[in-house]
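Residue 210 in the working numbering sits at position 209 of the sequence shown, and the numbers go up by one each step. We treat Cβ as the ideally placed atom computed from N, Cα and C, and that holds for glycine. Predicted model only: the values in this text are computed from it and were never measured. Have a look at the structure below, then the notes.
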Amino acid sequence: MEILQLNDYRKVVAIGGGHGLGRVLSSLAFLGSRLTGIVATTDNGGSTGRLRAQHDCIAWGDLRNCLSQLADRPSVGSLLFEYRFEGATELGGHNLGNLILYALDQLCVRPLDAVNLIRGMLNIECKLIPMSEQPTHLVALEACGNRVFGELDVDRLESHPIALSLEPMVEPTLEACQAIEEAELIVLGPGSFLTSTLPALLLPKIAAAIRHSKAKIVLIDNLTTEVSAAANHLSLNDRIDWCHQLIGKPMIERVLCHSDEERRDGIYHYLPLKSKHHRGLHDTQLLAKAIMASIEFGRLSA
């Protein structure tokens, strides 16, 4: 089945963070400006965390990761954007891409302007929008009543939280809500479920935009277990329930899962998705074909 059949979709939105969202955007990059990535901005680790702690800015790491995966390779721009300083200095451990985005943010009116400048420099057609342009942190509530602050500590939880929230509660980026409202297809995941897939859904206006959308919604399952023990305690059905609870109603029509042999079981579609070169990553062409197959199956079944 030709992936070019996805060209029937004028507006496609992918929501998430980190490496997973970048992989999805890479697989659908042929859509050009019709593709929009809405990127989590709650990371507080590494170079991003240091910038946040010192300058109270949004988390740039996941945005940088997506930009890097979409950039033409090899190129001077992509190499510069991924360069990481070494040594026990103030710059040691910092990623140059994060510093560039932060510096451009200081020169621009808003973070989205900084992202768009980099998109232009790297010749990236796909739109990338931070879920919010205001700094916020992920907070988990444990069953015992303990509150766990920040993505790093949420990922260290041994058991899954009973609730997640953002602190402070911020406004979503207007363009993110508009993209969702206009979308014909919305893709969630893959990636760290609690800290990449869910943060954007914690914003009430983004959840409402999805809830009122007429788009088909596809969830992509992870290929491997997560670093987070808490997330690994959640079954795939649990994850779907979390998404539906935050959105406000059942919306996910297809779930894509890796399997060496293709089969369908209700909303679950099992098919080969792993890259031959890196077994921990989705193959971009197989992923694009899988997304196409899932929505075409939905049309035939409607």
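I need the straight-line Cα distance from residue i to residue j, nearest angstrom please.
{"i": "Gly-18", "j": "Val-40", "result": "5 Å"}
{"i": "Phe-86", "j": "Thr-49", "result": "13 Å"}
{"i": "Cys-127", "j": "Ala-177", "result": "13 Å"}
{"i": "Glu-183", "j": "Ile-207", "result": "13 Å"}
{"i": "Gly-121", "j": "Arg-35", "result": "16 Å"}
{"i": "Pro-169", "j": "Arg-264", "result": "43 Å"}
{"i": "Leu-1", "j": "Ala-201", "result": "As shown, the chain starts at 2 and ends at 303. That puts residue 1 outside it, with no answer to give."}
{"i": "Glu-172", "j": "Leu-204", "result": "7 Å"}
{"i": "Leu-153", "j": "Gly-62", "result": "13 Å"}
{"i": "Arg-148", "j": "Pro-162", "result": "9 Å"}
{"i": "Ala-115", "j": "Asp-106", "result": "5 Å"}
{"i": "Ala-104", "j": "Arg-111", "result": "12 Å"}
{"i": "Asn-223", "j": "Arg-280", "result": "12 Å"}
{"i": "Gly-267", "j": "Cys-258", "result": "12 Å"}
{"i": "Arg-113", "j": "Met-132", "result": "Before going further, note that residue 113 is Leu rather than Arg in the sequence given. Spanning the two alpha carbons is a distance of roughly 10 Å."}
{"i": "Ser-236", "j": "Asn-117", "result": "37 Å"}
{"i": "Arg-255", "j": "Gln-179", "result": "23 Å"}
{"i": "Lys-217", "j": "Val-228", "result": "30 Å"}
{"i": "Leu-186", "j": "Val-219", "result": "8 Å"}
{"i": "Gly-21", "j": "Phe-150", "result": "23 Å"}
{"i": "Gln-286", "j": "Ser-193", "result": "22 Å"}
{"i": "Gly-78", "j": "Arg-11", "result": "29 Å"}
{"i": "Val-188", "j": "Met-252", "result": "11 Å"}
{"i": "Leu-199", "j": "Leu-108", "result": "30 Å"}
{"i": "Ala-30", "j": "Cys-145", "result": "44 Å"}
{"i": "Ala-294", "j": "Leu-272", "result": "10 Å"}
Tell me the DSSP bridge mates of residue i?
{"i": "Gly-38", "result": "Ala-15 and Leu-129"}
{"i": "Ser-236", "result": "According to DSSP, which records beta bridges pairwise, Ser-236 is partnered with nothing at all."}
{"i": "Lys-217", "result": "Leu-186"}
{"i": "Phe-150", "result": "Val-140"}
{"i": "Asn-96", "result": "Arg-85"}
{"i": "His-283", "result": "Lys-275"}
With 16 other CB atoms within 10 Å as the buried threshold, where does residue i fall?
{"i": "Thr-225", "result": "exposed"}
{"i": "Lys-215", "result": "exposed"}
{"i": "Arg-1", "result": "The first residue shown for the chain is 2 and the last is 303, placing residue 1 beyond what the model contains."}
{"i": "Gly-33", "result": "exposed"}
{"i": "Gly-23", "result": "buried"}
{"i": "Cys-58", "result": "buried"}
{"i": "Ile-221", "result": "buried"}
{"i": "Leu-288", "result": "buried"}
{"i": "Cys-244", "result": "buried"}
{"i": "Cys-67", "result": "buried"}
{"i": "Ile-296", "result": "buried"}
{"i": "Lys-250", "result": "exposed"}
{"i": "Asn-233", "result": "exposed"}
{"i": "Val-13", "result": "buried"}
{"i": "Asn-124", "result": "exposed"}
{"i": "Ser-260", "result": "exposed"}
{"i": "Asp-44", "result": "buried"}
{"i": "Asp-9", "result": "exposed"}
{"i": "Gln-246", "result": "exposed"}
{"i": "Arg-53", "result": "buried"}
{"i": "Arg-65", "result": "buried"}
{"i": "His-213", "result": "exposed"}
{"i": "Gly-93", "result": "exposed"}
Tell me the DSSP secondary structure of residue i in three-state form.
{"i": "Asp-263", "result": "Here the sequence assigns Glu to residue 263, which means Asp is not the residue at that position. Glu-263: coil per DSSP, three-state reduction."}
{"i": "Arg-111", "result": "coil"}
{"i": "Cys-58", "result": "coil"}
{"i": "Cys-258", "result": "strand"}
{"i": "Tyr-271", "result": "strand"}
{"i": "Ile-253", "result": "strand"}
{"i": "Ala-230", "result": "helix"}
{"i": "Glu-176", "result": "helix"}
{"i": "Arg-85", "result": "strand"}
{"i": "Asn-167", "result": "Asn is not the amino acid found at residue 167; the sequence shown has Leu there. Leu-167 falls in the strand class under three-state DSSP."}
{"i": "Ala-72", "result": "coil"}
{"i": "Arg-157", "result": "coil"}
{"i": "Thr-196", "result": "helix"}
Nearest chain B C-beta to residue i closer than 9 Å, yes or no?
{"i": "Tyr-271", "result": "Absence of chain B from the displayed structure is noted, only one protein chain being present."}
Just checking, does the region 128-148 make contact with the region 89-102 on the three C-beta pairs under 8 Å criterion? Segments in contact, no.
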